[in-house]
Every structure is written in C-alpha cells, then in structure tokens.
DNA sequence: TAACTTACTTCAAATTTTGAAGTAAAATTG
DNA sequence: CAATTTTACTTCAAAATTTGAAGTAAGTTA
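Residue numbers (the numbering used here), protein chains in the order written: chain V, 392 to 581; chain L, 392 to 581.
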C-alpha cells in the first residue's frame, strides 16, 4: 500500500495513518475550505481527474437547469459552453477549436445548430474564404448575458474574500497546467 | 464593461487595464505556474467552468489513448472512470453514484457492461437484498493498476516540488468547493 | 499549373447521458 | 400483519454529445 502511494501520488509532510485519507481525499478537504491546506493529503493525478469530471457534470447540469428556466429549448449545455467560449469577440472556427480543445467536426455540428437557432453569425472571411468568421448575434449575446447574470450569484458565494480569490486563481492556473501537460502528452506522448 | 466585471467576477488588487485579462485569463496564467499569483486577474465562475470542461476533455482523451495502448477494447474512458471510482473498496451502487454524481441509470448501464466484460463483480447484499455490492475483479484491478502505472509519469511531472503539491491540493479543495456549491444549487436553488 | 496543405463541413456511427417506467425488497403505517 | 410507501436499483428507448473518415473548396508551394 505504501509503495503504491509513493509511486502514484506524492505526500505532503510525514504521514500518520494518512493512507486512507489518500483513498478518500474528499473527506480530508473539510470545512476549513478557505485556508490553505496544512496537513498531509495526497492528491494524485486520478483523484484530480475524478474531481474534475464530477465538477464538470455538476456544472453542466446547472447550466441545463438555467437554460430551462430561461425557456431556451434549442440550446443544450454543450452548445451554451460554445457560446460562452465565443464571448464578445469575433473569431474563426479554428480559434474556437483551440479555445475548447474540441474536435473539428464537433464544433461544426454545434455551430450549425447555433446558426440555425439564430445565436451565431457565420461569415466567410474576406481575406481567406476558407476561414469562417464567427460571432454572437444579438440573441446569442442576450443568452450569454442572462447566463452570466444567473452565474453572478455563484461568484458571490464562491469568492467571498481575498483568500477565496487566491484559491480560485491557483485552481485556475493549476488546471491550466494540467491542460498543458495532458494536452502535450496527447500529442507527443508522456 | 467595468460594471459587468464587478457583477460577475471579482477583482484582485487594483486593476490597470486588467479588463482584457479577465476576458482571456488563459493569457494571464503564464509560465510562473509554480508560484502563487501576484497580480490582478479575475477568475469567474464561467472561466473556471470552461477550463474544467477543457481539462476534462483532455483527460478523457488521454485515458482513451492509454486504454488503446493497453489493448483494452471493451472499456471506454467513461467506464474506466467508474473503475477508478470504485478503487479497491467494495461498495453499493448508491455509494458509487455519490462518488461520481452520476445518474442512476447511467451507472447501471456502465456496470452492466463492466460486469459483462469481467471487470466487476456484482453481488446482492446479504442484509439488504435490494442493494448490490460492487467490487473490482482481478481483471478490473489489473486494468486500474495499469492505468495508475501509466499515470505515474504525470504525477511526477505535475508534482515536482512542495509548491506544486500545495497548488494541486488547493486546486483539489477549490474544486471540491465548486462541487458542493454547484451541487447544492442544483438541489435547492442558488 | 499540378500537387499539397489548410480550414472547414458532412455524414454515419459510436459513446455517453438522460428520463420514464419498471421490479423487488425494505420500512412504515394504520 | 396486511397495505402502502419508500428505497435501491434496473431496463429501455430516446436524446445529446463525441468521434472519425471522407469530403470540398480555397490558399500555398514547387
């Protein structure tokens, strides 16, 4: 068991019967929430990945609820994420692809639906007619605004004080690191 | 624009043309990676959600690759996550459900495939015959072990020093917080 | 100008997720 | 203790999402 731990994860401080905590880190991340961690917990690769999966699921389901509340029937959470990814800039499909690490055909598919729904404008670029320029329509912007508005409450709950903010930012940057490492790994191996 | 920011996100320190950074926080999270953030960046709800979605996608794709390398044809990344969620304990379907915030029928579906594939043992509990007890078979454990083994390399890259570890842990706990907030919101509203 | 590359799109299939409707075993209640 | 309700799952059918192979058309390069 110890060997397994040493291999897969990395320990912070000397461990006192800390193995089980490693198996269920959910338990270790108790109320103290806001403060920096001050104890031995092992966060492995997979624990993080599982956490990310769960959080992602929760958020998607929240988005779905929000969309339903808004009475939007023709946009699912995945498409909403595309709209949010576009934001208030005009970009090409390729850029959008990078923004979400989507697969090309996937974005094409969503864009079609969103264009049909009137949420997005797609125009061929002047300089390069292969490249499509994408941007939100009034309707698309409105939907995003509504979603952002609904999301405001969460921001207020999640970012109460400076400590929260710091942690959110660290989380963001750490995830970005995962994104890079896992992304490069996918391309070039390890 | 400022109003929008103040409403949706929260700012760290006084902002100097920091608005754009809020729109593209990817850019702000530069190389410094290991150190704590020391600058004004706004991390909103949605930015984090988008990041989580991207990272999740990357990880799934990595898992798929790994499974292919291992020659495992009958287990997709989603099922692999279920196996990893089970780990080395025996639990009920309900517990497993909680572990991943799955929907019941979803897990049932995966379990069926995994039982058929010989990765999981499902036995009705003695004390409560409605409840199924789940655990990995030899084969299932072997697959998890192989995956964990392959994952070791990432842990070593991601957790080089104490700083990395701290950040990983903060990320984990922050995500856990998101999990709770978003989860409660789904149940009870805001 | 022929061959190649890029930037997308289409389509068909696989995978994953959802929701409604079971079933059978507890637990509760009158 | 029989009747009802609740719990713990499963099944099924449909929807949503994702994937991959095969286009197409516009640039680029040789």
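Each residue gets a CB set at the ideal place from its N, CA and C atoms; glycine is no exception.
The beta carbon of residue 446 of chain L sits closer than 6 Å to none of the beta carbons in its chain outside the five residues before and after it. For residue 514 of chain L, the enclosing beta strand (DSSP E) stretches over residues 511-515.
For residue 527 of chain V, the uninterrupted beta strand (DSSP E) run begins and ends at 523-527, by DSSP.
Contact between the stretch 476-488 of chain V and the stretch 520-532 of chain V is established, with three or more Cβ pairs separated by less than 8 Å. With a cutoff of 8 Å on beta-carbon distance, residue 441 of chain L and residue 472 of chain V are scored as near each other. Shown here for residue 457 of chain L: same chain residues with a beta carbon closer than 7 Å to its own, the five before and five after excluded, namely 538 and 541 in chain order. With fewer than 16 other Cβ atoms from the protein chains shown falling within 10 Å of its own Cβ, residue 494 of chain L counts as exposed. Assignment of beta-bridge partners to residue 483 of chain L by DSSP yields L:524.
Within the stretch 505-527 of chain L, no residue places its CB atom closer than 8 Å to a CB of chain V.
Per DSSP, residue 550 of chain V is not a residue of any alpha helix (DSSP H), being assigned neither H nor E.
Residues of chain L with a Cβ closer than 7 Å to the Cβ of residue 499 of chain V do not exist; the shortest Cβ-Cβ separation is about 16 Å. Cβ neighbours of residue 559 of chain V within its own chain (closer than 8 Å, five residues either side excluded): 549 and 550. Under the 8 Å criterion on CB atoms, residue 495 of chain V is classed as non-interfacial with respect to chain L. Around residue 461 of chain L, the same chain offers 537 as residues with beta carbons nearer than 6 Å, after the five sequence neighbours per side are excluded.
Contact with chain V is absent for residue 462 of chain L, since none of that chain's Cβ atoms lies less than 8 Å from the residue's Cβ.
With its beta carbon less than 8 Å from one in chain L, residue 438 of chain V belongs to the interface.
Looking only at V:486, V:517, V:474 and V:522, the smallest Cα-Cα distance to residue 506 of chain V is reached by V:474. The Cβ atoms of residue 510 of chain L and residue 534 of chain L lie closer than 8 Å to each other.
Each residue's CA atom was taken as its position, placing residue 566 of chain L and residue 490 of chain V some 21 Å apart.
If you look at residue 436 of chain L, you'll find it in the alpha helix (DSSP H) that goes 436-460.
For residue 544 of chain V and residue 570 of chain L, the gap between their C-alpha atoms comes out near 15 Å. Neighbours of residue 565 of chain L across chain V, judged by C-beta separation under 8 Å: 558, 559, 561 and 562.
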